[in-house]
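Undergrad: Sharing a structure with you now.
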Amino acid sequence: MTSWRRARWCWLMFASACRDVPMNYMVGHGPVASSEARLGWWLVIVSGVVVAIVSLLVVIGGWRRRPGTRDARALERTAAHGGLLWIYLGGLIIPAVILVISFALTLGTLHATARPGRDPAATIQVIGHRWWWEVRYIDPDPAQTIETANEIHVPVGRPVRIQLTSADVIHSFWVPQLAGKTDVIPGQTNVAWLEADSAGVYRGACTEYCGLQHANMALVVIAEPPAAFSAWQSAQRASAAAPSDPEAAAGLAVFQKAACATCHAIRGTDALGRVGPDLTHLASRLTLAAGTLENTRGNLAGWIGNAQAIKPGNDMPVMTIAPRDLQALLAYLETLK
Ligand code: CUA
């Protein structure tokens, strides 16, 4: 492969990889993120071009000003007569044009970030915990409020309002392909906006160092067509169905006996714990432990058995559950769709 072809191949690989990198903030998939990405690209390109041109001029100037050369004498004459033009052009006009364009783009981005052009489809309270995200869809009727964790569903093409606060330390909420970062501060509510142009799963993360498992404090935003979003909302509003299968019914008893219910809530049962995530529709979620594990039966078994080995320092204790009880518990948790 010639070096030119190799360079081109590398660039194509890099470009296609960037498009698929979930945390790539230079690609926007919604109005807020697209405006921020546009501003980012403008600043990167214009500063790169300015640095390249200035470096080139410094090298050329140094070369031509070698003492005694004909160019050096010519330069002195130019400086005496036409030099001011270059000073006005390079020192005033071009920087002014660049700064005015940057200022206008910044104002546009601030406007896009401040509030959307339309009424929000939902208001979602997101509460940062060490190390997971509590998610509550606020409804005037408290019975209609949805509670979930580490997963936010939004309708495509509609903005949602995110009210951010923290239960412990400062976190930061960031879904790079949908919106910029917003700090999550205890005792304060910050507002962010999200809107997705197309259906998909967008990864987000905590971006303020908040302790041992800061890196395992991820979330996903699932953007889906409005009909699918409404169906999801209806399903999430429902309480957990009573288990019909005897093994799952035994699993519910294990859940209550093994102290799971002290920390977790399952609507429709006696479990009302508020320390950990609400598990009413656990089986409908894509991940476990704030994006640390894929939500599979095996991972769930490992997580229940020894969460400290997977995510050291989190609040989930090591549970001692007999193998048959664990299988019943897993069978029950799998019914929580
Ligand atoms: Cu929460 Cu870092």
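Its first residue numbered 25, the sequence shown is counted upward by one per residue in this note's numbering. Heads up, the beta-carbon is just placed ideally off N, CA and C, and yes, glycines get one too.
Residue ranges of each beta strand (DSSP E) run of no fewer than 3 residues wholly in the region 254–304, ordered along the chain?
TA: Listed in chain order, there is nothing to give.
Undergrad: Would you call Glu60 buried or exposed, if buried means 16 or more other Cβ atoms sit within 10 Å of its Cβ?
TA: Burial call: buried.
Undergrad: Thinking Ile162 and Gln149 are a contact (beta carbons under 8 Å), I'd like their distance in whole angstroms, please.
TA: Correct: roughly 6 Å between the Cβ atoms.
Undergrad: So, does the region 190–201 touch the region 227–246, judging by three or more C-beta pairs under 8 Å?
TA: Yes, the region 190–201 touches the region 227–246.
Undergrad: What is the rounded straight-line gap between the Cα of Leu236 and the Cα of Asp339?
TA: Taking the straight line joining both Cα atoms gives about 12 Å.
Undergrad: With a threshold of 6 Å on Cβ separation, who are the neighbours of Leu276 within its own chain once the five nearest residues in sequence on each side are excluded?
TA: The residues are Pro267, Tyr356.
Undergrad: Across the region 322–331 and the region 339–348, are there enough close Cβ pairs to call them in contact, namely three or more that are closer than 8 Å?
TA: Yes, they touch.
Undergrad: Suppose the cutoff is 6 Å on Cβ atoms and the five residues either side in sequence are ignored; what does the same chain contact list for Thr359 look like?
TA: Only Pro267, Ala272 meet the Cβ criterion.
Undergrad: Confirm, please, whether the CB-CB distance from Gly54 to Leu218 is below 8 Å.
TA: Closer than 8 Å, so yes.
Undergrad: Please determine whether the Cβ atom of Glu158 lies at a distance below 7 Å from any heavy atom of the ligand CUA.
TA: No, Cβ of Glu158 sits at least 7 Å from all heavy atoms of the ligand CUA.
Undergrad: Going by the C-beta, is Gly315 closer than 7 Å to any heavy atom of the ligand GDP?
TA: The ligand GDP is absent from the structure shown, which contains only the ligand CUA.
Undergrad: What are the boundary residues of the alpha helix (DSSP H) that Ala352 is part of?
TA: Counting along the chain, the alpha helix (DSSP H) containing Ala352 begins and ends at 347–357.
Undergrad: Curious, which full-length beta strand (DSSP E) runs of at least 3 residues does the region 131–219 contain?
TA: Runs found: 147–153, 156–162, 170–173, 175–179, 184–190, 195–199, 203–208, 214–218.
Undergrad: Any heavy atom of the ligand CUA inside 7 Å of the beta-carbon of Glu358?
TA: No.
Undergrad: From Val4 to Ile334, what distance separates their C-alpha atoms?
TA: This structure leaves residue 4 out entirely; the chain is present only between 25 and 361.
Undergrad: Please report the distance separating the alpha-carbon of Leu63 from that of Leu129.
TA: Answer to the nearest angstrom: the Cα atoms are 6 Å apart.
Undergrad: Cβ-heavy atom distance between Glu175 and the ligand CUA below 7 Å?
TA: Not under cutoff, so the answer is no.
Undergrad: Taking the C-alpha atoms as reference points, what is the distance between Arg261 and Glu248?
TA: Distance between the alpha carbons of Arg261 and Glu248: 18 Å.
Undergrad: Would you identify the three-state DSSP class for Glu232, choosing helix, strand or coil?
TA: Three-state result, Glu232: coil.
Undergrad: Are there 16 or more other CB atoms within 10 angstroms of the CB of Trp110, so buried, or fewer, so exposed?
TA: Exposed.
Undergrad: May I ask which residues mark the beginning and end of the beta strand (DSSP E) holding Val244?
TA: Start and end: 242–248.
Undergrad: Given this structure, state the Cα-to-Cα distance separating Gly297 from Gln168, to the nearest angstrom.
TA: Roughly 19 Å separates the two Cα atoms.
Undergrad: Can you check which of these residues, Val83, Arg29, Ala138, is closest to Gly204 by C-alpha distance?
TA: Checking every option, the nearest Cα to that of Gly204 belongs to Ala138.
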